[in-house]
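A.B. asks:
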Amino acid sequence: MKYARIIIDISAEQIDRAFTYRIPEELKEKIAPGTRVQVPFGASGRKRKGIVIGLTDTADFDEDKIKEIAGLLPKGLDAESELIELAAFLANEYGCTMNQALMTVLPIKTEVRRNSRRRDAVEQISGPLTEPEKLELNADQLRVCNEVMKDPGRTSLLYGITGSGKTRVYMELIRRCQAEGKKSIVLIPEISLTYQIVTELTKYFGQKIAVMHSKLSRGEKYDQYKKALSGEIDVCVGPRSALFTPFKDLGLIIIDEEHERTYQSETSPRYDVREAAIFRAKQTGAKLLMGSATPSLESYKKALNGTYDLHVLKTRAHPGAKLPKIHVADMRRELELGNRSIFSAELKELIDDRLGKHEQIMLFLNRRGYAGFVSCRSCGRVIKCPHCDVSLTAHNTWYVDPRTGQKQAALLSCHYCGYTTSMPASCPDCGSRFIAPFGTGTQKLEQACRNTFPGARILRMDADTTSAKHSYENILSAFKAHKADILIGTQMIVKGHDFENVTLVGIVAADLSLNTSDYNASERTYQLITQAAGRSGRGELSGDVVIQSYDPSHYAISCAAERDYEAFYEREMSYRRLLNYPPETFMMFVRLKSEDEEAVNAAADLAVSLLQKYESCGTEIIGPCSENIYKINDNYRKIIYIKNCSHDIIMRMRTELSDAVNESFSQKKVYTVFDVR
Ligand code: ADP
Ligand code: ZN
Ligand code: ZN
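FYI, the numbering for the sequence shown is 388 to 1064, going by my numbering.
#1: So LYS867 packs on GLU644, CB below 8 Å; how close in whole Å?
#2: Counting Cβ pairs closer than 8 Å, one from the segment 605 to 617 and one from the segment 676 to 687, do we hit at least three?
#3: Have a look at GLU523 and LEU752 and give me their C-alpha separation to the nearest angstrom.
#4: Any idea if ARG501 is buried or exposed, counting beta-carbon neighbours within 10 angstroms, 16 or more meaning buried?
#5: Taking the CB atoms as reference points, tell me whether PRO824 and TYR757 lie closer together than 9 Å.
#6: GLY606 by DSSP, collapsed to three states: which one?
#7: Below 8 Å, is the gap between the Cβ of SER819 and the nearest heavy atom of ligand 2?
#8: Thinking C-alpha only, which one of GLU971, TYR937, VAL1060 is nearest ARG720?
#9: Might you give, ordered along the chain, the residues of its own chain that have their beta carbon closer than 7 Å to the beta carbon of PHE406, omitting 5 neighbours on each side?
#10: Tell me whether the beta-carbon of GLY1010 lies closer than 9 Å to the beta-carbon of ILE1026.
#11: Cβ-heavy atom distance between ASN525 and ligand 1 below 8 Å?
#12: Count the other CB atoms, across all protein chains shown, that sit within 10 Å of the CB of ILE1016; report buried if there are 16 or more and exposed otherwise.
#13: Take the Cβ of CYS772 as the centre, count every other Cβ of all protein chains shown within 10 Å, and call the residue buried at 16 or more, exposed below.
#14: Cβ atoms of GLY421 and MET485: under 9 Å apart, would you say?
#15: Going by beta carbon distance, what residues of the same chain come within less than 8 Å of LEU460, once the five residues before and after it are set aside?
#16: Does DSSP put ARG505 in a helix, a strand or coil?
#17: Let me check you understand the geometry: is the CB of GLY805 closer than 8 Å to at least one non-hydrogen atom of ligand 3?
#18: If you drop the 5 nearest sequence neighbours on each side, which residues of the same chain put their C-beta closer than 7 Å to that of GLU534?
#19: Can you list, in chain order, the residues of its chain with a C-beta nearer than 7 Å to that of ILE729? Leave out the 5 residues immediately preceding and following it.
#20: Over the uninterrupted beta strand (DSSP E) stretch that includes ILE880, give me the two end residues.
#21: Tell me which same chain residues have a C-beta within less than 8 Å of the C-beta of TYR390, skipping the five on either side of it?
#22: Quick one: Cα of ASN861 to Cα of GLU607, how far?
#23: Do THR702 and ASP527 count as a contact pair if the criterion is CB distance below 9 Å?
#24: Quick check on the DSSP output: the beta strand (DSSP E) that includes ARG847 runs from which residue to which?
#25: Going by the DSSP bridge assignment, what does TYR546 pair with across the sheet?
#26: On the criterion of 16 or more Cβ atoms from any shown chain inside 10 Å, does GLY876 qualify as buried, or is it exposed?
#27: Is the segment 841 to 860 close to the segment 897 to 910, with three or more CB pairs under 8 Å?
#28: By Cβ distance below 7 Å, which residues in the same chain neighbour MET848 in space, the five residues on each side in sequence not counted?
#29: Would you mind sorting GLN594 into buried or exposed? The rule is 16 or more other CB atoms within 10 Å of its CB.
#30: When every heavy atom of ligand 3 is checked, does at least one fall within less than 8 Å of the C-beta of VAL531?
#31: Between which two residues does the beta strand (DSSP E) containing VAL622 stretch?
#32: For the alpha helix (DSSP H) containing ARG720, list its first residue and its last residue.
#33: I need the straight-line Cα distance from ARG404 to PHE1061, nearest angstrom please.
#34: With 16 other CB atoms within 10 Å as the buried threshold, where does CYS817 fall?
#35: How big is the Cα-Cα spacing for LYS1055 and ALA986?
#36: Please return the same chain residues whose Cβ sits closer than 8 Å to the Cβ of TYR650, not counting the five positions on each side in sequence.
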């Protein structure tokens, strides 16, 4: 290539402006995206630092006026250079531009205006700092800490059952790092978990912690970035993006709940934070530890075959804490016995019992809103979103129907595009007045609780109740302070929370996540049940869990009820082997979408025809098919599944496909997204 696109100094506001420089002959082999160079800049020609973000053969203006790169800068060892190297890794591994990758790893620089009303994020959550408590570990936790630090060069997987005290293991490791003057990054799956872990960590590390989360303003983010650069803080906690904290002496990266989907970015670069963390750990010499009570099959497989080190915590940490008793309620039998309510007899009885004892209850249901869908009982028509191929969900902004005197749900909304409309009074097809919501959502569950357990104090936590900035913390801290008896919620409530007074967990519809067409539906179900069940009986009081299911003999449910991760792993792996799914092979999901239905179909056909030549090297191609939901937000969506046991071949196919589709269909606005698993 003749030219390099270069950004000058990485004061981050200039990321968007790249300049073209000629590559001198002697540097041709040495220049690649991410390389740091010296270039003459401006009228004075003064030398400035620059970073190569791309190579090209075409000049964007008068060739004679293009200046030449003056030389290479020594490979920097500072934190920002490391991040640029990491960006180059992301660009290469996930097929995005260097620009996009840089935008991901570097914060946008903005003026930080001090706002007196806005206190520090840490303070907001935990209150002012008190005396640090002493960190006490039991023998098991101590053993794991020692094992983990034995070989810092290797990635460790900590499989610790719910309540086994993984948080304290993390804290002890951070403390040991701190004692050596090294910094730690703690990744958590999402914001709803920060409340718990930040409170714990703050007790011990006080002002040395920074918290990153998506609800911080740009200024706040940049502020944290600078604090990390200057060495003011020792620990950074946050979701994915916390991996890009510019620590100089990084000693430790922890990925808590490593099995969570949120560790996979959904925007370009669509990186998997676990892979990016492996790169950063290697680059900086930091120790990488991933923890979970329900490790992903992928990671557990790597632990069993020796790619990772495996560490196990098999008992609950709180002295006297016992594992809860798990009951499985067969909802088919309940129906046979004439019970048509949301609650099985057993769950209802246990809820009454706990309310009587002033103990707390969590009810988990993985669907928000009032009901799953609305349909006409006369003709069967389901009310759908005009922009998406999905049924609308009923939400209960209640009103009283004047004709019947009955309360009705009045608002229908689309969970994919946000379209809302009011509930029609009669069927748009046949005019029948008998249209009604079906299925159960968290709002309906709340209503049922109020009717069945009058007097119980109830809180609900789902996407509808947590849109405001501190709503998560408010709901969770109110529940922790026993200002409510029952907490109802979606998957937001199942992870990581530690409420000592919760002695009953109800998993209201355990099958919801099983009945999806994803190859990992069973894994997901096992994880959700185990995590939800893990919220019960974590303190001195003993606990119960009720799993309600229409399919109780399914191994995802029976293994979770028996707390047998290994048995689940074996069953699920034999299924993946049989059908050749990850982690047995690599799989690429090619997703194409466009508002132009013809174009998206033509692009999908083109992609498949290009791939045919790879079939000779063991490639399996399925599709093109329409996505489960063919239309979302007026975009038509096709998908192609590609399997091959060689990661390299998959990468080659990705590059070829992306180039071809961009070339032929960019005018028609066909968007392609590649997910490799
Ligand atoms: P996990 O993250 O593995 O599910 P936690 O870290 O939340 O578990 O710990 C569960 C409970 O056990 C918490 O209440 C915690 O304070 C307590 N705990 C952890 N370690 C110890 C210990 N060594 N001694 C006493 N209590 C502990
Ligand atoms: Zn009808
Ligand atoms: Zn919609």
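Yeah, the Cβ is synthetic: ideal placement off N, Cα and C, and Gly gets one too. Computed from a predicted model, the values in this text were never measured in an experiment.
C.D. replies: Working from what's here:
#1: That belief does not hold up - the Cβ atoms of LYS867 and GLU644 are roughly 20 Å apart, past 8 Å.
#2: At 8 Å Cβ cutoff, the stretches do not touch.
#3: Our two residues, GLU523 and LEU752, have alpha carbons roughly 35 Å apart in a direct line.
#4: Because ARG501 carries a pLDDT of 44, less than 50, the predicted location of this residue cannot be relied on, and the following value inherits that uncertainty. Per the 10 Å Cβ criterion, exposed.
#5: Yes, Cβ-Cβ distance for PRO824 and TYR757 is below 9 Å.
#6: DSSP, read as helix, strand or coil, puts GLY606 in helix.
#7: Checking the Cβ of SER819 against ligand 2 gives yes.
#8: Closest by C-alpha distance to ARG720, out of GLU971, TYR937, VAL1060, is TYR937.
#9: Once the five neighbours on either side are set aside, the close Cβ partners of PHE406 are ILE393, ILE395.
#10: When the beta-carbon positions are compared, GLY1010 and ILE1026 come within less than 9 Å of each other.
#11: For ASN525, the CB falls within less than 8 Å of some heavy atom of ligand 1.
#12: Per the 10 Å Cβ criterion, exposed.
#13: In the assembly as shown, CYS772 is a buried residue. Its beta-carbon has 16 or more other beta-carbons within 10 Å.
#14: At the C-beta level, MET485 and GLY421 come within 9 Å of one another.
#15: The residues are ARG423, VAL424, GLN425, LYS436.
#16: In this prediction, ARG505 scores a pLDDT of 42, lower than 50, which makes its location untrustworthy; the coordinate-derived value is nonetheless stated afterwards. Reduced to three states, the DSSP call for ARG505 is coil.
#17: For ligand 3, at least one heavy atom lies less than 8 Å from the Cβ of GLY805.
#18: Answer for GLU534: HIS698, listed in chain order.
#19: The beta carbon of ILE729 sits closer than 7 Å to those of THR827, LEU832, ALA835, VAL895, all from its chain and outside the five residues before and after it, given in chain order.
#20: Counting along the chain, ILE880 falls outside any beta strand (DSSP E), and DSSP gives it neither H nor E.
#21: Excluding residues within five positions, the ones whose Cβ falls inside 8 Å are THR407, TYR408, ARG409, ILE410, LEU442, THR443, ASP444, THR445, ALA446, ILE453.
#22: Whole-angstrom Cα-Cα distance: 21 Å.
#23: Yes, these two residues count as a Cβ contact at 9 Å.
#24: ARG847 -> beta strand (DSSP E) spans 845 to 848.
#25: Paired residues: SER679, VAL699.
#26: GLY876 should be labelled buried.
#27: At 8 Å Cβ cutoff, the stretches do not touch.
#28: Excluding residues within five positions, the ones whose Cβ falls inside 7 Å are ILE862, LEU874, GLY876, MET879, ILE880.
#29: Exposed.
#30: Incorrect: VAL531 has no Cβ contact closer than 8 Å to ligand 3.
#31: Per DSSP, VAL622 belongs to the beta strand (DSSP E) from 622 to 625.
#32: Boundaries of the alpha helix (DSSP H) harbouring ARG720: 718 to 723, taken from the DSSP string.
#33: Spanning the two alpha carbons is a distance of roughly 27 Å.
#34: With fewer than 16 other Cβ atoms within 10 Å, it is exposed.
#35: Going from the Cα of LYS1055 to the Cα of ALA986 covers about 7 Å.
#36: Setting aside the 5 residues that flank it on each side, TYR650 is surrounded in the same chain by LEU574, PRO576, ARG627, ILE642, ASP659, VAL660, ARG661, each with a C-beta closer than 8 Å to its C-beta; the list follows chain order.
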